[in-house]
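Here is the structure we will look at.
Protein chains: 2
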Amino acid sequence: MTRSASIPKRFERRVPGVRYGLLDRLVGYHLRRAQIAIYEDFEAALGPLDMTPQRFAAMVVISANDGIAQGRLGRVLGIARSGVVQLVHGLQSRGWVTRDADGDDARAWLLSVTDEGAARLAAARRLVSAHDRRISQRLSAEERRVLVTLLERLGADESTEGGTPRP
Amino acid sequence: MTRSASIPKRFERRVPGVRYGLLDRLVGYHLRRAQIAIYEDFEAALGPLDMTPQRFAAMVVISANDGIAQGRLGRVLGIARSGVVQLVHGLQSRGWVTRDADGDDARAWLLSVTDEGAARLAAARRLVSAHDRRISQRLSAEERRVLVTLLERLGADESTEGGTPRP
DNA sequence: TATTGTTATACTCTATAACTATA
DNA sequence: TATAGTTATAGAGTATAACAATA
Numbered sequence: 023m024t025r026s027a028s029i030p031k032r033f034e035r036r037v038p039g040v041r042y043g044l045l046d047r048l049v050g051y052h053l054r055r056a057q058i059a060i061y062e063d064f065e066a067a068l069g070p071l072d073m074t075p076q077r078f079a080a081m082v083v084i085s086a087n088d089g090i091a092q093g094r095l096g097r098v099l100g101i102a103r104s105g106v107v108q109l110v111h112g113l114q115s116r117g118w119v120t121r122d123a124d125g126d127d128a129r130a131w132l133l134s135v136t137d138e139g140a141a142r143l144a145a146a147r148r149l150v151s152a153h154d155r156r157i158s159q160r161l162s163a164e165e166r167r168v169l170v171t172l173l174e175r176l177g178a179d180e181s182t183e184g185g186t187p188r189p
Numbered sequence: 023m024t025r026s027a028s029i030p031k032r033f034e035r036r037v038p039g040v041r042y043g044l045l046d047r048l049v050g051y052h053l054r055r056a057q058i059a060i061y062e063d064f065e066a067a068l069g070p071l072d073m074t075p076q077r078f079a080a081m082v083v084i085s086a087n088d089g090i091a092q093g094r095l096g097r098v099l100g101i102a103r104s105g106v107v108q109l110v111h112g113l114q115s116r117g118w119v120t121r122d123a124d125g126d127d128a129r130a131w132l133l134s135v136t137d138e139g140a141a142r143l144a145a146a147r148r149l150v151s152a153h154d155r156r157i158s159q160r161l162s163a164e165e166r167r168v169l170v171t172l173l174e175r176l177g178a179d180e181s182t183e184g185g186t187p188r189p
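If you read the protein sequences in the order shown, they are chains D and G. Position one of the first sequence corresponds to residue 23 (this note's numbering), numbered consecutively onward. Position one of the second sequence corresponds to residue 23 (this note's numbering), numbered consecutively onward.
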């Protein structure tokens with residue numbers, strides 16, 4: 023499928039004649055550039071399903087961990103409790119998940135994917151898998167493996183983290 | 023510097039007992055995880071300077087391309103014109119950049135970094151460089167080079183892009 | 001007609017703080 | 001006291017659409 027030539031991508035990897043200075047020497051900025059390009063493709067492919075990266079990740083995790091509590095989901099996704107409320111509310115209002123009371127802990131809500139949510143997720147999985155192959159198509163299987171390994175090693179070490187320690 | 027043990031990081035790379043399903047096999051999701059971890063460290067280190075990744079990137083580009091127009095800056099950063107207005111307004115209200123009329127094109131505004139902005143940027147550069155070393159400290163110089171090369175190759179090809187072509 | 005920038009508006013994502021109910 | 005979730009509020013960051021001025 024060829025994209026219509028009249029719809030230019032918003033993000034140009036490099037704008038001719040512009041000096042990028044320090045940005046070119048930062049691992050973090052190369053990561054950001056790649057992410058913008060990837061997000062653009064995800065959006066184009068999954069938008070019609072009303073699916074964002076965030077919602078997709080949540081649906082996969084709920085689906086693979088039936089009855090997971092909201093707090094746990096938030097820790098997995100790296101977002102605050104209040105953010106989970108909004109996110110889950112969005113999934114619920116789309117009819118993709120249900121929240122059921124936990125018999126053991128009356129404070130908690132257990133999340134499950136509905137039949138409709140499962141169908142939507144199945145369609146999304148196919149598109150996301152195709153999307154992921156598309157964005158990494160210029161990498162060999164071995165290079166893909168190396169990339170994932172290196173990405174997993176990124177991040178500040180526990181012992182040296184944070185430029186400014188908090189109180 | 024050790025982070026206070028009582029302040030847990032919000033994002034855990036892996037939550038024990040949780041199944042990540044398809045997410046573990048997606049290059050895009052590994053990228054996202056790495057980015058969350060990196061953003062966390064950036065925020066901790068640069069927050070005191072009132073600097074976000076976005077503002078930092080803009081300041082570096084304006085500084086390295088004195089007199090760049092807003093539209094061009096937007097193309098470099100990959101954001102819409104209306105977003106540039108907000109971003110630049112924020113930089114201006116902090117006294118970090120000025121907007122001057124373009125003698126050749128009365129529609130355009132040319133951006134420049136003020137002395138105060140240059141000083142702030144110099145301080146930020148040092149912290150960002152340290153931050154970037156910190157997040158990639160578990161990579162050798164060679165691995166870092168490989169990572170950047172692979173990241174640059176990520177993204178959909180022009181000819182095959184987009185799951186759903188737009189009208 | 002096309003481009004530059006602005007404004008209005010809205011949605012997503014995220015946060016903190018104060019709150020309720022429960023453990 | 002601590003935890004699970006909610007609500008209220010806020011601030012980035014991003015988008016689209018309609019607009020004015022200029023090219």
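Ideal Cβ placement from N, Cα and C applies to all residues, glycine included.
Exercise. What is the DSSP secondary structure of Asp63/G, counted as helix, strand or coil?
Worked result: Here residue 63/G refers to the residue found at position 41 of the second sequence. Helix, per DSSP.
Exercise. According to the neighbour-count rule (16 or more other Cβ atoms, all chains shown, within 10 Å of its Cβ), is Ala178/D buried or exposed?
Worked result: What you label residue 178/D is simply residue 156 of the first sequence in a count that begins at 1. With 16 or more other Cβ atoms within 10 Å, it is buried.
Problem set entry | Residues near Met73/D by beta carbon distance below 7 angstroms, same chain, minus five either side | The count along the first sequence starts at 1 and reaches residue 73/D at position 51. The residues are Ala146.
Exercise. Are the stretch 162 to 179 of chain G and the stretch 104 to 120 of chain G in contact at 8 angstroms, needing three or more beta carbon pairs?
Worked result: no
Problem set entry | Buried versus exposed, by CB contacts within 10 Å (16 or more), Gly139/G | As a working note, residue 139/G is residue 117 in the second sequence. The residue is buried, with at least 16 neighbouring Cβ atoms inside 10 Å.
For this session: Run down chain G in chain order and give the residues with a C-beta less than 9 angstroms from the C-beta of Pro75/D.
Result: Walking along the first sequence from the start, residue 75/D turns up at place 53. Result: Gly50, Tyr51, Arg54.
Problem set entry | Three-pair Cβ contact test at 8 angstroms for the stretch 88 to 98 of chain D versus the stretch 58 to 66 of chain D | Contact fails: fewer than three Cβ-Cβ distances are below 8 angstroms.
For this session: Give me whichever residues DSSP pairs with Leu132/G in a beta bridge.
Result: Translated into positions along the second sequence, residue 132/G becomes position 110. The partner list for Leu132/G (beta bridge, DSSP) reads Ala91/G, Asp122/G.
Problem set entry | Buried versus exposed, by CB contacts within 10 Å (16 or more), Ser158/D | Position 136 of the first sequence holds residue 158/D. The residue is buried, with at least 16 neighbouring Cβ atoms inside 10 Å.
Exercise. What is the residue span of the alpha helix (DSSP H) that Thr171/G lies within?
Worked result: The sequence position of residue 171/G within the second sequence is 149, counting from 1. Unbroken alpha helix (DSSP H) run through Thr171/G: 163 to 175.
Problem set entry | Asp46/D, enclosing alpha helix (DSSP H) - first and last residue | As a first step, residue 46/D is located in the first sequence; it is residue number 24 there, counting from the start. Looking at the DSSP string, Asp46/D is not in any alpha helix (DSSP H), and its letter there is neither H nor E.
Exercise. Listing by chain order, which chain G residues have their CB less than 8 angstroms from the CB of Val170/D?
Worked result: Taking the first sequence and counting its residues from 1, the one referred to as residue 170/D is at position 148. Correct list: Val49, His52.
Exercise. How about Leu99/D and Val150/D: are their beta carbons less than 8 angstroms apart?
Worked result: Within the first sequence, residue 99/D is the residue found at index 77, counting from 1. Within the first sequence, residue 150/D is the residue found at index 128, counting from 1. No, the Cβ-Cβ distance between Leu99/D and Val150/D is not below 8 angstroms.
For this session: On a CA-only basis, which of Arg55/G, Asp46/G, Ala79/G is nearest Asp46/D? Give me that one, please.
Result: Translated into the one-based positions of the first sequence, residue 46/D becomes position 24. Per the Cα distances, Ala79/G.
Exercise. Leaving out five residues before and five after Phe33/G in sequence, what residues of the same chain have Cβ atoms less than 7 angstroms from its Cβ?
Worked result: Residue mapping note: residue 33/G aligns to position 11 of the second sequence, counting from 1. The beta carbon of Phe33/G is closer than 7 angstroms to those of Ile58, Ala59, Glu62 in its chain, skipping five residues each way along the sequence.
For this session: Express the C-alpha separation of Arg41/G and Arg77/G in angstroms, rounding to a whole number.
Result: Here residue 77/G refers to the residue found at position 55 of the second sequence. Here residue 41/G refers to the residue found at position 19 of the second sequence. Rounded to whole angstroms, Arg77/G to Arg41/G spans 36 angstroms at the Cα level.
Exercise. Chain D beta carbons: is any one of them nearer than 8 angstroms to that of Leu113/G?
Worked result: Numbered from its first residue, the second sequence carries residue 113/G at position 91. Not closer than 8 angstroms to any Cβ of chain D, the Cβ of Leu113/G fails to qualify, so no.
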